[in-house]
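Asker:
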Amino acid sequence: MSFNFYHYFDKDIGPFTNLSKLTIEEAEEVLKQIQRDGKTFASQRSSEYMNIRRELESTARDQFIAKGGKPRNHYPHYMTLESCEWISTWYKNSGVIVISSEEFLEESVSFTYGDLFPTMRLEDGKPYRKTSLHQK
């Protein structure tokens with residue numbers, strides 16, 4: 014069975030860019046500029062956003078590897094399984110790339126049920142909390 018992955022991005026910046034690939038200082042400077050502009054969803058992020066994000070990404074990556082995953086990148090590229098038009102509102106000049114799941118090696122894809130932040134941080138007893146998922 015094939016699904017589509019959707020990657021939303023700001024057309025002014027381009028697809029598959031990633032704050033986590035930057036140094037903490039560089040990422041914080043980008044976030045400060047986004048906050049100064051105040052026009053996007055990301056402008057509401059806290060000053061601790063990058064530290065929390067890197068910690069959560071590291072945890073999810075470690076879990077993925079422990080389950081047999083073989084990530085090709087140190088940091089994830091964020092996509093949704095099927096369309097989520099709400100995410101397109103996060104960007105001033107929104108774009109989307111649609112990629113069939115058949116284009117990926119199964120061992121290179123992990124996912125969370127919901128956004129990484131609430132999935133890994135909330136403690137409400139739901140079975141998908143605190144874990145990344147991987148088809149094996």
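Heads up: the sequence shown runs through residues 14 to 149, numbered per the numbering used here. For glycine and all other residues, C-beta sits at the position ideal for the given N, C-alpha and C.
Alpha carbon to alpha carbon, how far is L118 from D23?
Answerer: About 26 Å.
Asker: Considering Cα atoms alone, identify which of N86, K83, S33, W103 is closest to L69.
Answerer: Closest by alpha carbon: S33.
Asker: Roughly how many angstroms lie between the CA atoms of F124 and Y91, to the nearest whole one?
Answerer: One C-alpha to the other measures close to 9 Å.
Asker: Count the other CB atoms within 10 Å of the CB of M133; is the residue buried (16 or more) or exposed (fewer)?
Answerer: Counting Cβ neighbours within 10 Å, M133 comes out buried, since at least 16 surround it.
Asker: Run the CB neighbour count on L44, radius 10 Å, all protein chains shown included, and call it buried at 16 or more, exposed below.
Answerer: Its Cβ being crowded by 16 or more others within 10 Å, L44 is buried.
Asker: Go through its chain and collect everything with a Cβ distance to L146's Cβ below 6 Å, but skip five positions before and after it.
Answerer: The answer, listed in chain order, is F124.
Asker: Just checking my contact of N17 with E95 at CB under 8 Å: how many whole Å lie between their CB atoms?
Answerer: About 6 Å; that satisfies the 8 Å criterion.
Asker: Go through the segment 33–91 residue by residue and report every complete run of the beta strand (DSSP E) that reaches 3 residues or more, in order.
Answerer: Counting whole runs of 3 or more residues, the segment 33–91 contains no beta strand (DSSP E) stretch at all.
Asker: So who's on the other strand from N17, going by DSSP bridges?
Answerer: Its beta-bridge partners are S113.
Asker: DSSP on L118, reduced to helix/strand/coil?
Answerer: In this structure, L118 counts as coil in the three-state DSSP scheme.
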